[in-house]
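Student: Here you go, one structure.
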Amino acid sequence: MEILNNFNSLVVFPLASLEVGKHFYWELGGLKLHGQVFLASWLVIAILVIAAFLGSRNIQRIPSGMQNFMEYVLDFIRNLAKDQIGEKEYRDWVPFVGTLFLFIFVSNWSGALVPWKLIEIPNSELAAPTNDINTTVALALLTSIAYFYAGIRKKGLGYFAGYLEPTPILAPFKVLEDFTKPLSLSFRLFGNILADELVVAVLVLLVPLFVPLPLMVLGLFLSAIQALIFATLAAAYIGEALEEHHE
Amino acid sequence: MTYWTIFLVTAEAAAETTAEGGLFDIDATLPLMALQFLILMAVLNALLYKPLGKAIDQRGDYVRRSLKEAREVKEKSEALAAQYENELREVRRQSQQIIADAKAEAEKISASKIQNAQQEVAAQRQKAADEIEAQKTEAMQTLEQQVDTLSDQILEKLLGAELVN
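For the record, the sequence lines run as chains A and B. Using my numbering, read the first sequence as starting at 1 and increasing by one per residue. Using my numbering, read the second sequence as starting at 1001 and increasing by one per residue.
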């Protein structure tokens, strides 16, 4: 801490600051909300909805402009879902997997590309919605619910019989897996995005010019990869739940 | 400067922010974020996945159908071309047949005409020869008669009329 304090006194210009674990609280009927996360997520949602609207406003057989781009995006998502879930059932899950990917991707990139820090909000700072644990846990829990729903809708309660396959000895591990899946999903995304933003922020604090740029580029790459990983794993879990057990 | 906080280690951050906040501060943000995500999913489903997915599928169908139609048309045109080729060959064969027939006919006709002409010529020549022969015999008969008459007259002159008869 002493070194840090010494270091603090070295920095004369308020070029950048770091705030971790501080939240801009909103009260809603006695419940506490993280305002900065919602503000940032609304921008992300607005970007997605506007892009989707522009892409499907005037659908042509020969696509051009925004429609072309959004079709490319949709094609990418469909292939992702198809690869993980399978040709037969992937169509029902395109909205879920696709929204996961798009929301996380745009969130992550917004953290790196939108100059959030220019907007002052009390007691906190705006950043990517995905660097708040609430967001990632929400997405991970939705994924858990989604794959349970997928399995139970297809096989009824017989889905849980799948826990005894291939041998009942592994059943405890399979139950454990249901807990580790959302845990690993949420913490992987949260940790990566937070770490990326922290590293960039610390570097900006130390050397405000040029030096952080390669790390920022790396951060963009990493953000895209994390979105892809989250969506792919979610699709893979759903695909696993839908898989037929060969008796 | 006083409120600047640098936390390089997350554990430190968690320790510093005690009562409120912190890195792992889970509260009502979580369910509301989930709800927000579900709403976004529904909106994007209506705006993006459904219409564009339909457009992509329809385009796929259209392309597949067009390809099939094109293949059918191609097959049809190839069959037609083969048929025309056959017909052409047949017609060419017929025309050659007709030419050959006509040639044979013409030859036959010319041969028969030549033969006719030759026969006619031969007949005329025969006729002329016969005439000549007839005239010759006639001339000979006349000549013989004259010779008889003359020889009679000579005899008469030499022997006298009484001796002759």
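Cβ atoms here follow ideal geometry from the backbone N, Cα and C, with glycine treated the same way.
For the alpha helix (DSSP H) containing Leu33/A, list its first residue and its last residue.
Tutor: That residue, Leu33/A, is in no alpha helix (DSSP H); its beta strand (DSSP E) goes 31 to 34.
Student: List, in order along the chain, the chain A residues whose C-beta lies closer than 9 Å to that of Gly1053/B?
Tutor: The answer, in chain order, is Leu74, Arg78, Arg91, Val94.
Student: Going by the CB atoms, is the gap between Ala138/A and Met1033/B shorter than 8 Å?
Tutor: Yes, the Cβ-Cβ distance between Met1033/B and Ala138/A is below 8 Å.
Student: Whose CA, out of Thr143/A, Lys154/A, Val202/A, Leu164/A, lies closest to the CA of Phe179/A?
Tutor: If we check each option's Cα against that of Phe179/A, Thr143/A comes out closest.
Student: Mind checking if Arg1064/B is an interface residue toward chain A, Cβ cutoff 8 Å exclusive?
Tutor: Cβ-Cβ to chain A under 8 Å: no for Arg1064/B.
Student: Pick helix, strand or coil for Leu1150/B, following the three-state DSSP scheme.
Tutor: In the structure shown, Leu1150/B sits in a helix (DSSP, three-state: H, G or I).
Student: In chain order, what residues of the segment 130 to 143 of chain A put their CB closer than 8 Å to some CB of chain B?
Tutor: Here the close residues are Asp132, Ile133, Asn134, Thr135, Val137, Ala138, Leu139, Leu141, Leu142.
Student: According to DSSP, simplified to helix, strand and coil, what is Ile121/A?
Tutor: Three-state result, Ile121/A: strand.
Student: Name the chain B residues that come within less than 8 Å of Gly86/A, Cβ to Cβ?
Tutor: Here the premise fails: no neighbours, minimum Cβ distance about 17 Å.
Student: Put Leu205/A into one of helix, strand or coil per three-state DSSP.
Tutor: Correct three-state label for Leu205/A: helix.
Student: Tell me the rounded alpha-carbon separation between Leu1040/B and Lys1068/B.
Tutor: Leu1040/B and Lys1068/B: Cα-Cα distance of roughly 40 Å.
Student: Does the CB of Phe213/A have a neighbour CB from chain B at under 8 Å?
Tutor: First, the residue type needs correcting, since residue 213/A is Leu and not Phe in the sequence shown. With 8 Å as the cut-off, Leu213/A does not count as an interface residue toward chain B.
Student: Mind checking Ile1026/B: buried by the 16 CB within 10 Å criterion, or exposed?
Tutor: Ile1026/B comes out exposed.
Student: Could you tell me which residues DSSP pairs with Tyr163/A in its beta bridges?
Tutor: In the DSSP output, where bridge partners are listed per residue, Tyr163/A has none listed.
Student: Helix, strand or coil: which one does DSSP assign to Leu28/A?
Tutor: DSSP places Leu28/A in strand when its eight states are reduced to three.
Student: Run the CB neighbour count on Leu1143/B, radius 10 Å, all protein chains shown included, and call it buried at 16 or more, exposed below.
Tutor: When all chains shown are included, Leu1143/B counts as exposed.
Student: For Phe210/A, which of helix, strand or coil comes out of DSSP?
Tutor: Reduced to three states, the DSSP call for Phe210/A is coil.
Student: Using the C-alpha atoms, what's the distance from Leu189/A back to Ala236/A?
Tutor: Distance between the alpha carbons of Ala236/A and Leu189/A: 17 Å.
Student: Only counting the same chain, and skipping five residues up and downstream in sequence, which positions put a Cβ closer than 8 Å to that of Trp26/A?
Tutor: Same-chain partners within the cutoff: Lys32, Leu33, His34, Gly35, Phe38.
Student: Would you tell me roughly how many angstroms separate the C-alpha atoms of Ala227/A and Thr135/A, rounded to the nearest one?
Tutor: If you take the alpha carbons of Ala227/A and Thr135/A, they lie about 13 Å apart.
Student: Residues in the segment 23 to 45 of chain A with C-beta within 8 Å of chain B's C-beta atoms, listed in sequence order?
Tutor: The segment 23 to 45 of chain A vs chain B, Cβ under 8 Å: His23, Tyr25, Leu28, Leu31, Lys32, Leu33, His34, Val37, Phe38, Ser41, Ile45.
Student: Roughly how many whole angstroms lie between the Cα atoms of Ile1109/B and Gln1141/B?
Tutor: Cα-Cα distance, rounded: 47 Å.
Student: Name, going along the chain, the residues of the segment 48 to 69 of chain A whose beta-carbon falls closer than 7 Å to a beta-carbon of chain B.
Tutor: Residues Leu48, Val49, Ala52, Phe53, Gly55, Ser56, Ile59, Arg61.
Student: Applying the 10 Å Cβ sphere with the 16-neighbour rule, what's the burial state of Pro172/A?
Tutor: Exposed is the call here.
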